[in-house]
Structure formats: C-alpha cells, structure tokens
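In the working numbering, the protein residues as written are 2 to 186.
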Ligand SMILES: Cc1cc2nc3c(=O)[nH]c(=O)nc-3n(C[C@H](O)[C@H](O)[C@H](O)COP(=O)(O)O)c2cc1C
C-alpha cells in the first residue's frame with residue numbers, strides 16, 4: 002500500500018489507449034490511493050464511465066454542469082484535494098490545450114487549477130507523436146514543470162510500428178510510487 006493517503010486525479014482522454022486506464026486505475030487503488038477520474042467527452046467514447054466509477058468507487062467527472070439542476074463540478078476543489086494529477090492517456094489534442102490554456106472542458110480546467118505535480122503519459126500514433134506541434138507542446142509542458150512519462154516504441158493500435166504507445170499501466174503505477182517515495186527522502 003505505497004500510495005495510502007494519497008489523493009490522485011486520473012485524467013483520461015480520447016485515445017485508444019484509454020482501455021488501459023481501467024488497469025491503471027485498479028493499480029493505483031490497489032496501492033491504497035484515493036482516485037478521482039476526470040474524463041474528456043471524447044474519452045467516454047473509448048471507455049465507459051460505469052467501468053471507471055465502479056473501479057474508483059466515485060462518480061466520474063466529465064461535464065462542467067449537472068443535469069440542469071444548478072449543480073456543477075468544481076475544478077477549484079479538485080485543485081485543493083489532489084496530491085497528484087496523472088493524465089493517462091494524454092492525447093495530442095489535450096496536450097495542445099494544456100500547453101495553451103484552452104480550458105474548454107473539465108479536464109483542462111482541472112489541470113489549470115492544480116497546485117500539485119502533474120504527470121502526463123502521451124499516447125498516439127507514431128506520426129502524430131513526431132509532428133512538430135506535439136514535440137513543441139510536450140516541451141512547453143516540461144517547461145511548466147510537468148513530468149512527461151515518455152511513450153514506448155512498439156506495435157500501435159493502428160497496426161503500425163513506432164514510438165507513441167502509452168507506457169504500460171504497471172510501469173506508470175511504478176513511476177507514481179517512485180515519485181512519492183523520492184519526495185519522502
Ligand atoms: C479510433 C480512434 C483512436 C484515436 N486514438 C488517438 C490516440 O491514441 N491519440 C490521440 O492523440 N488521438 C487519438 N484519436 C483522436 C482523438 O480522439 C481526438 O483528437 C479527440 O478530439 C481528442 O479529444 P480529447 O483530447 O479532448 O480527449 C483517436 C481517434 C479515433 C477515432
């Protein structure tokens with residue numbers, strides 16, 4: 002239980018690698034973390050909110066507003082609550098919005114409200130990954146102090162082979178555990 006007492010926001014975006022987010026979420030919870038999922042509207046096309054809320058034991062946050070009953074989700078409260086925000090998988094589009102402060106969904110407003118460290122695990126096809134705009138956005142995120150969990154090379158969902166595959170969930174959990182261990186020392 003290396004993450005006991007840690008509050009983690011797991012941001013999920015519209016990448017095919019979102020199916021791995023269930024394993025990642027389970028891994029974080031097994032280590033004792035409390036996890037709040039924030040997912041983009043596109044992310045919900047790739048993995049269901051029911052799966053994520055059942056695994057995290059919390060409603061998934063995706064929209065700014067409730068069902069026309071005057072309720073809303075507070076990105077500010079999430080900023081106060083979190084010890085770490087982990088965005089995995091991070092799409093090219095979301096990283097572009099993060100780099101440029103385009104806060105048009107709950108995940109980006111939450112990101113902009115974080116006082117804690119942010120880890121980002123990009124996932125995309127090899128050509129998207131090597132596009133200069135992706136390289137530039139990743140550089141910008143690093144300049145903000147965000148920790149990039151570099152994708153690995155291998156077979157991609159498209160069938161192509163190259164760099165862009167999200168780190169495996171087990172390896173990401175290990176990065177998170179190591180991060181908090183190093184902070185202790
Ligand atoms: C089948 C499919 C798979 C996709 N996989 C990825 C991906 O792995 N990485 C990525 O950056 N975009 C991917 N996209 C495109 C994103 O879903 C799209 O850019 C979307 O607007 C991202 O929105 P979000 O970042 O707000 O979640 C994929 C699209 C489709 C239709």
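Think of the CB as a built atom: it goes at the ideal place given N, C-alpha and C, for glycine as much as any other residue.
- Query: If you draw a straight line from the alpha carbon of residue 137 to that of residue 32, how long is it in whole angstroms?
  - Reply: On the chain shown, position 136 is the one that residue 137 refers to. On the chain shown, position 31 is the one that residue 32 refers to. Computed Cα separation, rounded: 34 Å.
- Query: From what residue to what residue does the beta strand (DSSP E) around residue 13 run?
  - Reply: Locating residue 13 in the chain shown gives position 12, counting from the first residue. 8 to 13 is the span of the beta strand (DSSP E), which, as asked, contains residue 13.
- In three-state terms, what does DSSP make of residue 94? Counted from its first residue, the chain shown places residue 94 at position 93. The answer is helix: DSSP assigns residue 94 an H, G or I state.
- Message: Closer than 8 Å is the cut-off here; do at least three beta carbon pairs connect the region 10 to 23 with the region 82 to 97?
- Response: Between the region 10 to 23 and the region 82 to 97 there are three or more inter-stretch CB-CB distances shorter than 8 Å, so the stretches are counted as touching.
- Item | Neighbour-count burial assignment, residue 131, 16 or more Cβ in a 10 Å radius | Numbered from 1 along the chain shown, position 130 holds the residue referred to as residue 131. Looking at its Cβ environment, which holds fewer than 16 other Cβ atoms inside 10 Å, residue 131 is exposed.
- In DSSP terms, what residue 38 is bridged to: Taking the first residue of the chain shown as position 1, residue 38 is located at position 37. Paired residues: 11.
- Message: I need the DSSP call for residue 61, collapsed to helix, strand or coil.
- Response: As a working mapping, residue 61 is identified with position 60 in the chain shown. Looking at residue 61 - three-state DSSP - the assignment turns out to be coil, as it is neither helix nor strand.
- Message: Suppose the cutoff is 7 Å on Cβ atoms and the five residues either side in sequence are ignored; what does the same chain contact list for residue 19 look like?
- Response: Start at 1 with the first residue of the chain shown, and residue 19 comes out as number 18. Excluding residues within five positions, the ones whose Cβ falls inside 7 Å are 13, 44, 47, 48, 90.
- Query: Near residue 50, what residues of its chain come up, given a Cβ to Cβ distance below 6 Å and the 5 sequence neighbours on each side ignored?
  - Reply: By 1-based counting over the chain shown, the position of residue 50 is 49. The residues 61, in chain order, have a CB closer than 6 Å to that of residue 50 in the same chain once the five nearest residues on each side in sequence are set aside.
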